[in-house]
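**Student:**
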Amino acid sequence: MSATPAIICITLLVKRYEGIINPVLLEVKRQLKGQISVFSGEEFNVEPEAELTGYVDFLISRSPEQLFIKAPAVILVEANKEDLKPALGQCLAEMVAAQRFNQQKQQPISTIYGTVTSGTVWRFLKLEGQCASIDLTDYPLPPVEQILGFLVWMAQKG
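Residue numbers for the sequence shown follow my numbering, so the first one is 1498 and each next one is one higher.
1. Can you find at least 3 beta carbon pairs, one from the region 1616 to 1626 and one from the region 1514 to 1525, that sit closer than 8 angstroms?
2. Just tell me which of Val1574, Ile1557, Asn1599 and Glu1575 has its CA closest to the CA of Gly1531.
3. For a minimum of 3 consecutive residues, which ranges assigned as the beta strand (DSSP E) are wholly contained in the region 1502 to 1566?
4. Which parts of the region 1562 to 1617 are runs of the alpha helix (DSSP H), unbroken and 4 residues or longer, counting only runs that do not cross its ends?
5. When you compare only the Cα positions, how much space is there between Tyr1636 and Leu1564?
6. Quick check: Val1543 and Ile1644, are their CB atoms within less than 8 angstroms of each other?
Right, here's the structure in full:
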């Protein structure tokens, strides 16, 4: 089976950023003493009829279960090239999917968080009910401390 160029491009993009993003997310898990799970490239089909299907770049669940995505899903991370704006819609759709996933699993939470990142620049989003907020500030990496602080706080409070 041969992959199309678009699939190859997406796979290479995720792999490229995985070396930057995954260590940051694993540090969040370490700081929270393993009480969260970090998933990368997992299928996340929540509501096919609403087109809430596909693969997430990265997802943090507040469950320590590492084999399957379990509720509550609290943070979605969308990797993109240097221009973060095109990925905002995709991240918001993933956040809506996480919100519905949590409701289906009877573990609704008031806030779902998201971030769009190139690996070296991060922008944060928040979904409360049907109201989405986008932080207009781009946060650089390095330094890593501020990004880690945001992610740890979101994983605990989401």
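From the three backbone atoms N, C-alpha and C, an ideal C-beta is built for every residue, glycine too.
In this text the structure is predicted, and so the values were computed from the model without any measurement.
**Tutor:** Taking the definition as stated:
1. yes
2. Ile1557
3. As far as the region 1502 to 1566 is concerned, its whole beta strand (DSSP E) runs of at least 3 residues are 1534 to 1537 and 1555 to 1558.
4. 1582 to 1601
5. 31 angstroms
6. Not in contact: Val1543 and Ile1644 (Cβ atoms no closer than 8 angstroms).
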